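The sequence shown: position 89 = 90 (the working numbering), numbered continuously.
Worksheet for the structure shown next.
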Amino acid sequence: MAVLRHSCPQQPPWAHKGGRYASFRRGRRIGWGAIVGTLVLAGSTFLFVATAHALPGPPSEYQIKAAMVFTMAKFVEWPAGALGDEGTPLALCALGIGPFGQAVENLRGKSIKGHPITVRQIFRTGEIGGCQILVINDSQRRQVRAATERAAQHGVLTIGDMPGFAKAGGVVGFVVQEGKVRFEINLEAAQKSGFMISSRVLKLAKIVREEEQ
Numbered sequence: 002m003a004v005l006r007h008s009c010p011q012q013p014p015w016a017h018k019g020g021r022y023a024s025f026r027r028g029r030r031i032g033w034g035a036i037v038g039t040l041v042l043a044g045s046t047f048l049f050v051a052t053a054h055a056l057p058g059p060p061s062e063y064q065i066k067a068a069m070v071f072t073m074a075k076f077v078e079w080p081a082g083a084l085g086d087e088g089t090p091l092a093l094c095a096l097g098i099g100p101f102g103q104a105v106e107n108l109r110g111k112s113i114k115g116h117p118i119t120v121r122q123i124f125r126t127g128e129i130g131g132c133q134i135l136v137i138n139d140s141q142r143r144q145v146r147a148a149t150e151r152a153a154q155h156g157v158l159t160i161g162d163m164p165g166f167a168k169a170g171g172v173v174g175f176v177v178q179e180g181k182v183r184f185e186i187n188l189e190a191a192q193k194s195g196f197m198i199s200s201r202v203l204k205l206a207k208i209v210r211e212e213e214q
């Protein structure tokens, strides 16, 4: 599968140098204003970036996941025509209710590839067609197969954090290991949905294959 090579953002002088993946403190909530919703892809390093202001502690798990959604989307190429003309809103949908979906609400108004992000909550797979990014909350695990199959038909980037999400057909699955947020990518699912993913992201991911039901 072909991958796109995007220019790598420069690392700010105040970038956190805590390692390849961002650590977090469970249960701690930090105002989104204290966090820049981006990550830096520098060589083989995936760094969480914070503001110059001192943070009282590590960001929460879901703040990190939301920031990762925002940055990873910048290193993904959608199928031709899927995003519309520059300036057309990009719909980030959250299927079901849960902390992951709540966290991505903070991305509302930010921009990806010249497209301002709108965030909306959906409850039925029939609503997926109007989305460009679909975050599937853990509460909807029974709908994962149906949701990812429908998303593939409409060129929707699927992201989830439930166990085995990427192996169940999702494109990007977040996992927590040793207190750090890591991610898996299902290349077959990405290809089926018409996505091309930067090699800089692929080098950092665990590549998985879809498991048969």
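Here a beta-carbon is modelled for each residue, glycine too, at the ideal position from N, C-alpha and C.
Just so you know, these numbers come straight off a predicted model, no measurement behind them.
Legend entry - 8 Å CB neighbourhood of leucine 84 in its chain, flanking five on each side removed: Leu91, Lys114, His116, Gln133
Legend entry - Inter-residue Cα distance where the pair is valine 145 and isoleucine 118: 23 Å
Inset, instruction - Following the continuous beta strand (DSSP E) through valine 175, name the residue where it begins and the one where it ends. - result: Note that residue 175 is phenylalanine in the sequence shown here, rather than valine. Segment 173-178, the beta strand (DSSP E) holding phenylalanine 175.
Legend entry - Collapsed DSSP secondary structure at isoleucine 215 in the structure displayed: With the chain covering 2 to 214 only, the question about residue 215 has no answer from this structure.
Legend entry - Secondary structure of lysine 75, DSSP reduced to three states: helix
Inset, instruction - Following the continuous alpha helix (DSSP H) through glutamine 144, name the residue where it begins and the one where it ends. - result: From DSSP, glutamine 144 is part of no alpha helix (DSSP H); its letter is neither H nor E.
Legend entry - Residues bridged to isoleucine 65 [DSSP beta-bridge criterion]: Isoleucine 65 is not bridged to any residue.
Legend entry - Close Cβ partners of tyrosine 63 (< 8 Å) along its chain, the five nearest in sequence each way excluded: Pro100, Phe101, Gln103, Ala104
Legend entry - Strand pairing of glutamine 122, partner residues [DSSP]: Ala95
Inset, instruction - Measure the Cβ-Cβ separation of methionine 197 and glutamate 78 and say whether it is below 7 Å. - result: yes
Legend entry - For threonine 89, three-class secondary structure by DSSP: coil
Legend entry - Identity of the residues DSSP links to threonine 159 by a beta bridge: Leu135
Inset, instruction - To the nearest angstrom, report how far apart threonine 89 and serine 61 are at their CA atoms. - result: 31 Å
Legend entry - Closest by C-alpha distance to arginine 210, when choosing among Val172, Pro80, Glu179, Thr126: Val172
Inset, instruction - Look at the Cβ atom of asparagine 138, then the Cβ atom of alanine 167, and state whether they are nearer than 7 Å. - result: no
Legend entry - Backbone CA spacing between isoleucine 208 and glycine 131 [nearest angstrom]: 28 Å
Legend entry - C-alpha distance - cysteine 94 paired with arginine 183, whole-angstrom precision: 22 Å
Inset, instruction - Label glycine 174 either buried or exposed according to how many other C-beta atoms from any shown protein chain fall within 10 Å of its C-beta, with 16 as the threshold for buried. - result: buried
Inset, instruction - Hey, could you find the ends of the beta strand (DSSP E) valine 202 is sitting in? - result: Counting along the chain, valine 202 falls outside any beta strand (DSSP E), though it belongs to the alpha helix (DSSP H) covering 200-203.
Legend entry - Beta-carbon contacts of glycine 156 that lie in its chain and below 7 Å, excluding the five residues immediately before and after: Trp79, Pro80, Ala83, Ser194, Gly195
Inset, instruction - Measuring alpha carbon to alpha carbon, tell me which of Thr72, Lys111, Leu96 ends up nearest threonine 159. - result: Leu96
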